[in-house]
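Take a look at the structure set out below.
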Amino acid sequence: MQREAWAVILILLLAGGAVFAHVTTTPEEYSRYNTGWNGTSGFAGAEVRDLRGLDPGAALLILAPDRPFTAEEVGHLRAFLDDGGRVIIADEDGAANGLLADLGSTMRVRPGNLASLDRDHADPGLFLARVVGNDTLFAGVETIRVNRPAAVEGGVPLLETSILTWEDADGDGRITGAETFEAAVVCAREGNLTVLGDPSLFINAMLAENPEFIENTRPVLLDGTHSRTGTTNRIINTRLWIQETPLAVAAAVALAVLPVAYRFGRRENE
């Protein structure tokens, strides 16, 4: 009978572990809680949700932004940049263009589907781009393997594709119709502000493709409010809220301790 009880307890623990693993991960693209190929769980970085008072010696990565910035937040970013902080925006959809305009930048992300013959993979969307500017992000790096990046207009070019690149509008992987070969800038910089047209460089599947570049980005702060590194999983959000709220932490500890204290109290009375 005792052996059966232990077997039941073991089964319950395994089931509980499986449920916990399921509810504390997410399949959302770019999410830091996504351990799959398109998540960013493998990219280390401290997450910040308040842009006030950022350390001017730090770098802030805004990865695949999908939420607008308030005027107050733009002001905090301006102050951060003016104080010497660095902001790296990785975007392929053009969602960052409003923020760039508010920051007074001339750089813009031009959404598209770049492909190239300058590749060593079967997929023409996965190809090499050359480092053309002097920047710490690309120190010791000559080429970066990009994954269907968007072009970046304006600023000082840092990363450029070869002339064998085209806008694959129909997505057939071939240059057809009105499509023409043309080099494109996929990363540029204005002062301490850098725009990269390929946020997928930071997903789990791409980390091993450009290890030196990834290492050059560290240490970096991750914007957890506007970037898609966050999550809509309610259980994860609740857990994070508990961790960030002292009273909630105290309540959780009390709930865990009280049953144990009650049990020991009963034993002493018996």
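In the working numbering, the protein residues as written are 120 to 389. Ideal Cβ placement from N, Cα and C applies to all residues, glycine included. As the structure is a prediction and not an experimental result, all values here were calculated from the model.
Open item on the list: Taking a contact to mean a Cβ-Cβ separation below 8 Å, would you say residue 164 touches residue 323 in this structure?
Closed with: Taking the sequence shown and counting its residues from 1, the one referred to as residue 164 is at position 45. Taking the sequence shown and counting its residues from 1, the one referred to as residue 323 is at position 204. No, these two residues do not count as a Cβ contact at 8 Å.
- [ ] Please confirm whether residue 247 and residue 335 have their CB atoms less than 8 Å apart.
- [x] On the sequence shown, position 128 is the one that residue 247 refers to. On the sequence shown, position 216 is the one that residue 335 refers to. Taking 8 Å as the cut-off, the Cβ atoms of residue 247 and residue 335 do not count as close.
Open item on the list: Judging by CA-CA distance, which residue of 200, 330, 280 is the nearest neighbour of residue 245?
Closed with: Looking up residue 245 in the sequence shown gives position 126. Minimum Cα-Cα distance from residue 245 among the listed residues 200, 330, 280 corresponds to 280.
Task: Residues of its chain near residue 195, where Cβ-Cβ distance is below 6 Å and the 5 sequence neighbours each way are ignored - done: Taking the first residue of the sequence shown as 1, we reach residue 195 at position 76. Excluding residues within five positions, the ones whose Cβ falls inside 6 Å are 170, 171.
Open item on the list: So, at 7 Å on beta carbons, what are the nonlocal neighbours of residue 268 in its own chain, with the 5 sequence-adjacent residues on each side left out?
Closed with: The sequence position of residue 268 within the sequence shown is 149, counting from 1. For residue 268, where only same-chain residues beyond five positions count, the Cβ hits under 7 Å are 211, 233, 305, 316, 317.
Open item on the list: Just verifying my parser: in three-state terms, what is the DSSP assignment at residue 319?
Closed with: To locate residue 319, count along the sequence shown from 1; it is residue 200. It is helical.
Open item on the list: Which same chain residues end up closer than 6 Å to residue 208 when comparing Cβ atoms and leaving out the 5 residues on each side of it in sequence?
Closed with: As a working mapping, residue 208 is identified with position 89 in the sequence shown. Cβ within range, chain order: 181, 215, 314.
Open item on the list: Once DSSP output is grouped into helix, strand and coil, what is the label at residue 353?
Closed with: Residue mapping note: residue 353 aligns to position 234 of the sequence shown, counting from 1. Note on residue 353: pLDDT 49, under 50, position unreliable in the model; no value is reported.
Open item on the list: When you compare the CB positions of residue 213 and residue 187, do they come within less than 8 Å of one another, or not?
Closed with: Walking along the sequence shown from the start, residue 213 turns up at place 94. Walking along the sequence shown from the start, residue 187 turns up at place 68. Not closer than 8 Å, so no.
Open item on the list: Looking only at its chain, what residues have a beta carbon closer than 7 Å to the beta carbon of residue 346, apart from the 5 residues adjacent to it on each side?
Closed with: Locating residue 346 in the sequence shown gives position 227, where the first residue counts as 1. So the qualifying residues of the chain are 181, 182, 183, 184.
Open item on the list: If you reduce the DSSP assignment to three classes, tell me which class residue 232 lands in.
Closed with: What you label residue 232 is simply residue 113 of the sequence shown in a count that begins at 1. Looking at residue 232 - three-state DSSP - the assignment turns out to be coil, as it is neither helix nor strand.
TODO: Hey, could you find the ends of the beta strand (DSSP E) residue 308 is sitting in?
DONE: Walking along the sequence shown from the start, residue 308 turns up at place 189. Taken as a continuous stretch (DSSP letters only), the beta strand (DSSP E) holding residue 308 covers 304-309.
Open item on the list: In the DSSP output, which residue or residues are listed as bridge partners for residue 156?
Closed with: The residue given as residue 156 occupies position 37 in the sequence shown. The partner list for residue 156 (beta bridge, DSSP) is empty, contrary to what the question assumes.
Task: Nonlocal neighbours in the same chain, by C-beta distance under 7 Å from residue 270, ignoring five residues either side - done: Against the sequence shown, residue 270 aligns to sequence position 151. Closer than 7 Å at the Cβ level, and outside the excluded window around residue 270, lie 229, 231, 233, 303, 304, 305, 316.
- [ ] From the DSSP output, in three-state form, read off residue 250 for me.
- [x] Taking the first residue of the sequence shown as 1, we reach residue 250 at position 131. Correct three-state label for residue 250: strand.
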